[in-house]
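Encoded as structure tokens, the structure appears first; notes follow it.
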Amino acid sequence: IENVGCDVHQYYEDQFVDISSYEKRVLIIRDPFRRFCSGWYNRVRQRKELSYDFINSNNKKIVNKIPIFDPNLNEFIEHLDIYLLMNKVRHHVKPINETININDFTDIFKFENLKDFERLISGMMDTSFSLPHTQFCQSSKDYNISNENLEKLRTFLI
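Everything in the sequence shown is counted per our numbering, starting at -9 for the first residue and increasing by one.
In structure tokens form, the structure reads like this:
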């Protein structure tokens, strides 16, 4: 909790420890579709990690494999197998169960119910606690995802 306000990825890179012996092990999960869209938006749209310049600078060996640089969400899903060659992109869109074992946690909160997590932490710390969040995902209708790509995405996420 000391690093409140820092980037979540930097926090975990700096603070990674074995939590198996802790009495409380809390996990916040989000809807898989929203996680996927948020990962695409953050890595592809905001950070430009599927731009020609970024790939050419960071992973030259796959630059000729990329079908479309800076893909929209439909294009991203359509060519997902190729875009997953980029480690940071893959990490941010793959199903969470490929990263962690949810059975290792004592309390699991849905991201959509973040207030429940905030109440738990506030009670444990005996002070007010809130977890700010700035990235949000729209619904599949707002992204205009084709039915074929929705099915492909569903298969990937399950």
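Every residue gets a Cβ at the ideal spot worked out from N, C-alpha and C, and that includes glycine.
Being a predicted model, the structure only gives us computed values, none of them experimental.
Query: V79: first and last residue of the uninterrupted beta strand (DSSP E) it sits in; Result: Premise fails: V79 lies in the alpha helix (DSSP H), N77 to V83, not in any beta strand (DSSP E).
Query: From V79, V53, P22 and K100, residue whose alpha carbon lies closest to that of T159; Result: Residue 159 is absent from the model: the chain starts at -9 and stops at 148.
Query: Spatially closest choice to P57 from Y42, R80 and S47, by CA coordinates; Result: Y42
Query: Three-state secondary structure assigned by DSSP to D116; Result: coil
Query: Own chain residues within Cβ distance below 8 Å of S112, not counting five before or after; Result: S118 and F119
Query: Inter-residue spacing [alpha-carbon to alpha-carbon] between E65 and N87; Result: 25 Å
Query: Exposure label - F107; buried when at least 16 CB within 10 Å; Result: buried
Query: Contact under 8 Å by Cβ, K38 with T96; Result: no
Query: Sequence-distant residues of its chain with Cβ nearer than 6 Å to I9 (five each side left out); Result: R15
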